[in-house]
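Those letters in the sequence shown? Residues 403 to 700, by our numbering.
The C-beta atom is built at its ideal place from N, Cα and C for all residues, glycine as well.
Structure first, commentary second.
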Amino acid sequence: MALHIYGSVEGILDLLATNENLSLDSDLRSGDELNYTEGYLINKEVSAYYDTHGITPASGEMHVYPKSFTLPKCVEVYTSNTEISVGFSCSGSGNIEVDWGDNSPGETITLTDTVQNITHIFDSSIGEKRKVTLYIQASFKTLDVSDLRPLAMYILKPLSVERFKVSDVSLPLDSLPMLRGTFRITLDSIKTEKLMPLVELKELMELNLLTFVYRQPTIDAFLVGLVQKHGNRRNCRITMKTVPSGNYAEPERDENNRYILTSGMGAIWVLTNEPAWNEGGVWEFIIDNTTYKYGTNN
């Protein structure tokens with residue numbers, strides 16, 4: 403009833419305030435009358451959606467079973483049970499089947515070259531984290547999961563994504579090495595304990611660690627990892643705000659002529675000064691508006 407009248411479950415507070423005998427333990431029956439504050443809307447978008455589509459939300463168990471999917475299960479995303487609606491945006495070729503983790507039937511999405519914004523309003527409430535499952539047979543040009551507001555994300559199979567983005571959440575990045583063909587990643591205002599999983603993405607050519615200031619040891623470990631696991635990695639342009647430890651200068655070497663890396667800035671010096679690693683393209687770091695790049699004196 404709160405969803406129908408106010409567009410939000412928070413409308414329960416108004417129902418409790420305007421009905422003295424009502425409590426959260428009350429059992430409502432057909433024919434009961436409740437008072438409410440006329441014209442009081444909390445979420446106009448949700449209320450308008452219900453009116454436009456002729457939907458009257460109902461409580462109780464009305465599960466849609468069985469749900470059947472034809473594509474491989476590729477991604478599981480866990481989001482808060484307080485979320486009313488979520489979504490994601492994508493482009494590419496192929497198909498996605500979505501289990502939104504509520505009573506709605508599965509949704510099928512056909513990818514195109516034009517970015518599509520997919521949104522969903524949950525039709526039921528649950529007492530624990532909600533799981534949204536993506537069944538995928540597709541190659542993505544872009545995939546932005548920010549509006550899923552993930553608390554955790556598990557990529558279960560290798561996933562072809564050229565450009566990946568997630569922003570404004572606290573999220574472990576352990577599954578990102580399952581991305582394939584990814585040359586651009588944007589992590590905008592992401593809180594995470596470690597960036598080391600990104601070291602495994604050797605096709606990456608642009609990494610944006612925007613807005614959020616990461617802990618210096620987190621940045622240092624990532625930069626040193628880029629050197630230690632360079633291999634046949636592509637050169638990359640990395641933008642970030644956190645200034646790594648140490649000085650931008652050539653590190654000392656051990657008896658085997660290998661660099662002794664003790665700081666993030668030392669690792670950046672190696673990446674931007676090693677000729678073999680800058681032949682096909684150059685490494686570039688933009689750190690708090692200062693640029694470090696092969697062949698320049700900054």
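Got a sec? Which residues, its chain only, sit under 6 Å from V568 by beta carbon, not counting five neighbours each side?
Beyond the five residues adjoining it in sequence on each side, V568 comes within less than 6 Å, by CB distance, of V547, S548 in the same chain, given in chain order.
Specify whether the segment 490 to 500 and the segment 519 to 529 touch according to this definition: at least 3 beta carbon pairs, one from each stretch, less than 8 Å apart.
Taking one beta carbon from each stretch, the segment 490 to 500 and the segment 519 to 529 have 3 or more pairs nearer than 8 Å; the two touch.
Quick one: residues in its chain with C-beta nearer than 6 Å to the C-beta of L611, no 5 flanking neighbours on either side, listed in chain order?
L589, M642.
Proximal residues to S541 (C-beta, below 7 Å), its chain only, five neighbours per side dropped:
Correct list, in chain order: G494, S495, G496, S562.
Mapping DSSP to helix, strand and coil, what is K567?
The answer is strand: DSSP assigns K567 an E or B state.
Using 8 Å as the threshold, is the C-beta distance between V479 and V517 below it?
Between V479 and V517, the C-beta spacing is not below 8 Å.
Considering only the alpha carbon of each residue, which of E676, S577, R617, K593 lies closest to L600?
Of the candidates E676, S577, R617, K593, the one whose C-alpha sits nearest the C-alpha of L600 is S577.
Based on DSSP bridge pairs, tell me the residues matched to L611.
In DSSP, L611 forms a bridge with L589, M642.
Of the residues K469, K446, L558, which one's Cα is nearest the Cα of C476?
Cα-wise, what sits closest to C476 is L558.
Going by beta-carbon coordinates alone, are L663 and V626 separated by less than 8 Å?
L663 places its beta carbon less than 8 Å from that of V626.
Excluding the 5 residues flanking A623 on each side, which residues of the same chain have their C-beta closer than 8 Å to its C-beta?
If you ignore the 5 residues before and after A623, its C-beta comes within less than 8 Å of the C-beta of K596, L597, M598, all in its own chain and listed in chain order.
Which of helix, strand or coil does DSSP assign to V477?
DSSP places V477 within a strand segment (E or B) once states are collapsed to three.
Straight-line CA distance for K543 to I486?
Distance between the alpha carbons of K543 and I486: 28 Å.
From I444 to I414, what distance separates their C-alpha atoms?
Inter-residue distance for I444 and I414 is about 11 Å (C-alpha atoms, whole angstroms).
For L561, three-class secondary structure by DSSP:
DSSP places L561 within a strand segment (E or B) once states are collapsed to three.
Can you find the residues in the same chain that come closer than 6 Å, C-beta to C-beta, to V672, ignoring five residues on each side of it along the sequence?
Only V629, Y661 meet the Cβ criterion.
Integer Cβ distance of T613 from S647, believed to fall under 8 Å
About 21 Å separates the two Cβ atoms, so there is no contact after all.
If we count the other Cβ atoms within 10 Å of its Cβ and call it buried at 16 or more, is T481 buried or exposed?
Label assigned to T481: buried.
If we count the other Cβ atoms within 10 Å of its Cβ and call it buried at 16 or more, is A678 buried or exposed?
The residue is exposed, with fewer than 16 neighbouring Cβ atoms inside 10 Å.
Local Cβ density within 10 Å of T512, reported as buried at 16 or more and exposed below that:
Under this definition T512 is an exposed residue.
Which whole-angstrom value is the C-beta distance of Y442 and Y408, which I expect to be below 8 Å?
Taking 8 Å as the upper bound for CB-CB distance, Y442 and Y408 are in contact here, some 6 Å apart.
Once DSSP output is grouped into helix, strand and coil, what is the label at M555?
In the structure shown, M555 falls within a strand segment according to DSSP collapsed to helix, strand and coil.
Please name the residue, chosen from N658, R639, E657, S665, that lies closest to A651 on a Cα-to-Cα basis.
When only C-alpha atoms are compared, the closest one is S665.
Cβ separation of L553 and K531, assumed to be a contact under 8 Å, to the nearest whole Å
Taking the Cβ atoms as the reference, L553 lies roughly 6 Å from K531, within the contact range of under 8 Å.
C-beta atoms of T594 and I621 nearer than 8 Å
No, the Cβ-Cβ distance between T594 and I621 is not below 8 Å.
Report all residues from its chain with a CB closer than 6 Å to the CB of K631; omit the five preceding and five following residues, and keep chain order.
Hits under 6 Å: V601.
Looking only at C-alpha atoms, which of L473, S526, I528 sits nearest to E509?
Measuring C-alpha to C-alpha distances from E509 to each of L473, S526, I528 identifies L473 as the nearest.
Under 8 Å, do L573 and I587 count as touching if we go by C-beta distance?
No.
Would you list the residues sitting across from G494 in a DSSP beta bridge?
According to DSSP, which records beta bridges pairwise, G494 is partnered with F542.
Quick check on the DSSP output: the beta strand (DSSP E) that includes F687 runs from which residue to which?
From DSSP, the beta strand (DSSP E) with F687 extends over 686 to 689.
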